[in-house]
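Taking it in order: structure first as structure tokens, then the write-up.
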Amino acid sequence: MSEEMNMVIDADPVRGALGEMLNSPPPVIDGVSAAKLMRTYYGISGIAYSLACERDANFHVVTADGRGFTLKISNPAEPEINTNFQTEALLWLQTRDPDLPVPKVVRTLEGESQFSLILEDGRSSVVRVLTWLEGVPVARIGVTPALRQDMVCALARLGIAFDGFEHPASSHEILWDVKNASRLRPLVETLVEPNLRKQLMAELDHFDNVVRPALANLRRRVVHNDLNWHNVVLNVANPDRITGILDFGDMVKTPLIIDLAVAVSYHTQTPFSCLEDVCDMVSAYHKVLPLERRELDVLRDLIVARLMTTVAITEGRAARYPQNAAYILRNNGPARDGLRFFATLPRNQVTAAFLAACNME
Numbered sequence: 053m054s055e056e057m058n059m060v061i062d063a064d065p066v067r068g069a070l071g072e073m074l075n076s077p078p079p080v081i082d083g084v085s086a087a088k089l090m091r092t093y094y095g096i097s098g099i100a101y102s103l104a105c106e107r108d109a110n111f112h113v114v115t116a117d118g119r120g121f122t123l124k125i126s127n128p129a130e131p132e133i134n135t136n137f138q139t140e141a142l143l144w145l146q147t148r149d150p151d152l153p154v155p156k157v158v159r160t161l162e163g164e165s166q167f168s169l170i171l172e173d174g175r176s177s178v179v180r181v182l183t184w185l186e187g188v189p190v191a192r193i194g195v196t197p198a199l200r201q202d203m204v205c206a207l208a209r210l211g212i213a214f215d216g217f218e219h220p221a222s223s224h225e226i227l228w229d230v231k232n233a234s235r236l237r238p239l240v241e242t243l244v245e246p247n248l249r250k251q252l253m254a255e256l257d258h259f260d261n262v263v264r265p266a267l268a269n270l271r272r273r274v275v276h277n278d279l280n281w282h283n284v285v286l287n288v289a290n291p292d293r294i295t296g297i298l299d300f301g302d303m304v305k306t307p308l309i310i311d312l313a314v315a316v317s318y319h320t321q322t323p324f325s326c327l328e329d330v331c332d333m334v335s336a337y338h339k340v341l342p343l344e345r346r347e348l349d350v351l352r353d354l355i356v357a358r359l360m361t362t363v364a365i366t367e368g369r370a371a372r373y374p375q376n377a378a379y380i381l382r383n384n385g386p387a388r389d390g391l392r393f394f395a396t397l398p399r400n401q402v403t404a405a406f407l408a409a410c411n412m413e
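Taken in order, the sequence shown gives residues 53 to 413; the numbers are from the working numbering.
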């Protein structure tokens, strides 16, 4: 997950939200050392290939017989309890729904699900190993109608499986949890384009006055919170079915419907988006994990809140770090497309379509 995607909330939603972890250099470890670590602690011999990662040190470890693993060495500034939250969540899923296409936790020779490692620079990191999920990111292939439905069906299964899961770190605050959209207002006020600023301020006013009070009455659960096209993989020989859901780094306990809102938001971010496709996703999710009417009443607004979050945060960060603007803004344009999509549709029309998709007219 990129650095602007994991900001802890404080008074300054751009600079202060970066926190210690985002300013802390990642662990320095090479492939030879990573392979030795795997042999020593896990009894697994293989070649370790470094994976791109901004905060942590991650490796794809491949054994002689073709088995694959992900070795994850956390940023020393990441609280161990947050890393443990992710580990325990995956262990919970292994018990509740073993067939879910998510990584499985691999234990050490001593039976530990994670352990602390002192780095050469004296800092301490948390080490974990997960099974490697084969597949190609959806973003490289494209989305078929059947794949859209398969993605949200898997997400609904996650929602069911996470029912009852609790952890001390589950309610940690991150700006990318859209229930916190109200905190975007200082960023929205700095947007240069007057029409976009006016649109988003109106959405924020509606969020503060209508949506945020309604969230208090919705089902809450630990959710994945980032089912985007880069976090889902598939087999190119069967492009209608997913083979894996990746990256549980944005998990948080929040209203359950937000998980669907985040997933749907990525399917409104093209010039070819249509309400019918979005409704198909809502219907598919509902068939696996039935939605409540009061959740559907705010779904449109939560989708928009996610799009708005993307635009506001990336605009603010790009202005502050112009040397990295191209990378920071890579999702900004698609999110704007999503906002334009919803700007053409009356709010009541969208909600009515969602209700109809779930046979709640």
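All residues carry an ideal CB built from backbone N, CA and C; glycine is no exception.
Exercise for review: Classify A357 as helix, strand or coil using the three-state DSSP reduction.
Suggested key: As a first step, residue 357 is located in the sequence shown; it is residue number 305 there, counting from the start. If DSSP states are grouped into helix, strand and coil, A357 belongs with the helices.
Point to revise | Three-state secondary structure (DSSP) of K124 | key: Here residue 124 refers to the residue found at position 72 when the sequence shown is read from its first residue. In this structure, K124 counts as strand in the three-state DSSP scheme.
Exercise for review: Pick out whichever of P128, P291, V157, A191 has its Cα sitting closest to the Cα of I170.
Suggested key: Sequence index remark: in the sequence shown, residue 170 carries index 118 (1-based). Among P128, P291, V157, A191, the Cα nearest to that of I170 belongs to P128.
**Study point:** Nonlocal neighbours in the same chain, by C-beta distance under 8 Å from M303, ignoring five residues either side
**Key:** Mapped onto the sequence shown, residue 303 falls at position 251. Taken in chain order, the residues that qualify are F137, Q138, A141, S222, V274, V275, H276, N277.
Check your understanding: What residue range is occupied by the uninterrupted alpha helix (DSSP H) comprising G216?
Key -> Residue mapping note: residue 216 aligns to position 164 of the sequence shown, counting from 1. Per DSSP, G216 belongs to no alpha helix (DSSP H) and is neither H nor E.
Check your understanding: Quick one: any contact between the stretch 265-274 and the stretch 344-354, if contact means 3 or more CB pairs under 8 Å?
Key -> yes
**Study point:** L279 - DSSP class collapsed to helix/strand/coil
**Key:** For the purposes of this step, residue 279 is identified with residue 227 of the sequence shown, where counting begins at 1. Three-state DSSP puts L279 in coil, outside helix and strand.
Point to revise | Alpha-carbon spacing of K339 relative to D202, whole angstroms | key: Taking the first residue of the sequence shown as 1, we reach residue 339 at position 287. Taking the first residue of the sequence shown as 1, we reach residue 202 at position 150. About 12 Å.
Point to revise | Closest Cα partner of L239 within the set V230, S317, M253, H319 | key: Translated into positions along the sequence shown, residue 239 becomes position 187. Among V230, S317, M253, H319, the Cα nearest to that of L239 belongs to M253.
Review point. Just reading off the alpha helix (DSSP H) that N384 is part of, what are its end residues?
Key: Position 332 of the sequence shown, counted from the first residue, corresponds to residue 384. 384-395 is the span of the alpha helix (DSSP H), which, as asked, contains N384.
Review point. Curious, which full-length beta strand (DSSP E) runs of at least 3 residues does the stretch 298-349 contain?
Key: 304-307
Review point. Which same chain residues, not among the five before or five after L298, have their C-beta less than 6 Å away from its C-beta?
Key: Along the sequence shown, one-based indexing puts residue 298 at 246. Closer than 6 Å at Cβ, skipping near neighbours: N283.
Check your understanding: Taking just the CA atoms, how far does L407 sit from D353?
Key -> Residue numbering aside, residue 353 sits at position 301 when the sequence shown is read from its first letter. Residue numbering aside, residue 407 sits at position 355 when the sequence shown is read from its first letter. About 14 Å.
Exercise for review: Could you name the residues of the same chain whose beta carbon sits closer than 8 Å to that of I418, not counting the 5 residues immediately before and after it, in chain order?
Suggested key: The chain is shown from 53 up to 413; residue 418 falls before or after that span and cannot be answered.
Point to revise | Beta-bridge partners of T139, as assigned by DSSP | key: Walking along the sequence shown from the start, residue 139 turns up at place 87. None, per the DSSP bridge assignment.
Point to revise | Cβ-Cβ distance between A233 and A357 below 7 Å | key: Translated into the one-based positions of the sequence shown, residue 233 becomes position 181. Translated into the one-based positions of the sequence shown, residue 357 becomes position 305. Yes, the Cβ-Cβ distance between A233 and A357 is below 7 Å.
Check your understanding: Between the Cα of P342 and the Cα atoms of C105, L312, V316, which residue gives the shortest distance?
Key -> Taking the first residue of the sequence shown as 1, we reach residue 342 at position 290. Out of C105, L312, V316, L312 has the C-alpha closest to the C-alpha of P342.
Exercise for review: Would you tell me roughly how many angstroms separate the C-alpha atoms of S85 and T183, rounded to the nearest one?
Suggested key: Position 33 of the sequence shown, counted from the first residue, corresponds to residue 85. Position 131 of the sequence shown, counted from the first residue, corresponds to residue 183. Cα to Cα, S85 sits roughly 19 Å from T183.
Practice item. Could you have a look at I81 and say whether DSSP puts it in helix, strand or coil? Key: On the sequence shown, position 29 is the one that residue 81 refers to. It is coil, neither helix nor strand.
**Study point:** Test item: CB-CB of G187 and N287 under 7 Å
**Key:** Along the sequence shown, read from residue 1 onward, the residue named residue 187 stands at position 135. Along the sequence shown, read from residue 1 onward, the residue named residue 287 stands at position 235. Their beta carbons are under 7 Å apart, which means G187 touches N287 by this criterion.
**Study point:** Y379: first and last residue of the uninterrupted alpha helix (DSSP H) it sits in
**Key:** To locate residue 379, count along the sequence shown from 1; it is residue 327. Looking at the DSSP string, the run of the alpha helix (DSSP H) that includes Y379 is 377-380.
Exercise for review: Determine the closest residue to G120 out of P155, T135, C105, Q146, with distance taken between C-alpha atoms.
Suggested key: In the sequence shown, the residue the question calls residue 120 occupies position 68. G120 has its Cα closest to that of P155, out of P155, T135, C105, Q146.
Review point. So, A213 versus L145, is the Cβ gap smaller than 7 Å?
Key: Position 161 of the sequence shown, counted from the first residue, corresponds to residue 213. Position 93 of the sequence shown, counted from the first residue, corresponds to residue 145. It is a contact, given that the beta carbons lie within the stated cut-off.
Review point. By DSSP, does Y101 sit in helix, in strand, or in coil?
Key: As a position in the sequence shown, residue 101 is number 49, starting the count at 1. Of the three classes helix, strand and coil, the one that applies to Y101 here is strand, per DSSP.
Practice item. Starting from the N-terminal side, write out each stretch of the beta strand (DSSP E) that is 3 residues or longer and does not extend beyond the stretch 143-170. Key: 167-170
Exercise for review: Provide the residue span of the beta strand (DSSP E) that contains T183, from first to last.
Suggested key: For the purposes of this step, residue 183 is taken as the residue at position 131 of the sequence shown. Here the beta strand (DSSP E) through T183 covers 176-183.
Point to revise | Cβ-Cβ distance between D229 and T135 below 7 Å | key: Sequence index remark: in the sequence shown, residue 229 carries index 177 (1-based). Sequence index remark: in the sequence shown, residue 135 carries index 83 (1-based). No; because the gap between Cβ atoms is not below 7 Å, this pair is not in contact.
Review point. At what residues does the beta strand (DSSP E) containing A25 begin and finish?
Key: There is simply no residue 25 to check, as the chain begins at 53 and stops at 413 in what is shown.
Review point. Does the beta-carbon distance from D292 to T196 come in below 7 Å?
Key: The count along the sequence shown starts at 1 and reaches residue 292 at position 240. The count along the sequence shown starts at 1 and reaches residue 196 at position 144. For D292 and T196, yes; Cβs fall inside 7 Å.
Point to revise | Start-to-end residues for the beta strand (DSSP E) that takes in H112 | key: Against the sequence shown, residue 112 aligns to sequence position 60. Unbroken beta strand (DSSP E) run through H112: 109-114.
Check your understanding: What residues match up with V195 in a beta bridge as DSSP calls it?
Key -> Here residue 195 is taken as the residue at index 143 of the sequence shown, counted from 1. Answer is none; V195 lacks a bridge partner.
Exercise for review: Would you list the residues sitting across from L286 in a DSSP beta bridge?
Suggested key: The residue labelled residue 286 in the question sits at position 234 within the sequence shown. Partner(s): V188, I294.
Check your understanding: Should E413 go down as buried or exposed, given a rule of 16 or more other Cβ atoms within 10 Å for buried?
Key -> For the purposes of this step, residue 413 is taken as the residue at position 361 of the sequence shown. Burial call: exposed.
Check your understanding: Would L103 be called buried (16 or more neighbouring beta carbons within 10 Å of its own) or exposed?
Key -> Counting from one through the sequence shown, the residue named residue 103 turns up at place 51. Exposed: under 16 other Cβ atoms inside 10 Å.
Check your understanding: For G301, which of V158, K124, V316, R237 has the nearest alpha-carbon?
Key -> Residue numbering aside, residue 301 sits at position 249 when the sequence shown is read from its first letter. Per the Cα distances, K124.
Point to revise | Residue span of the alpha helix (DSSP H) that contains N400, given as start and end | key: One-based indexing of the sequence shown puts residue 400 at position 348. Here the alpha helix (DSSP H) through N400 covers 399-409.
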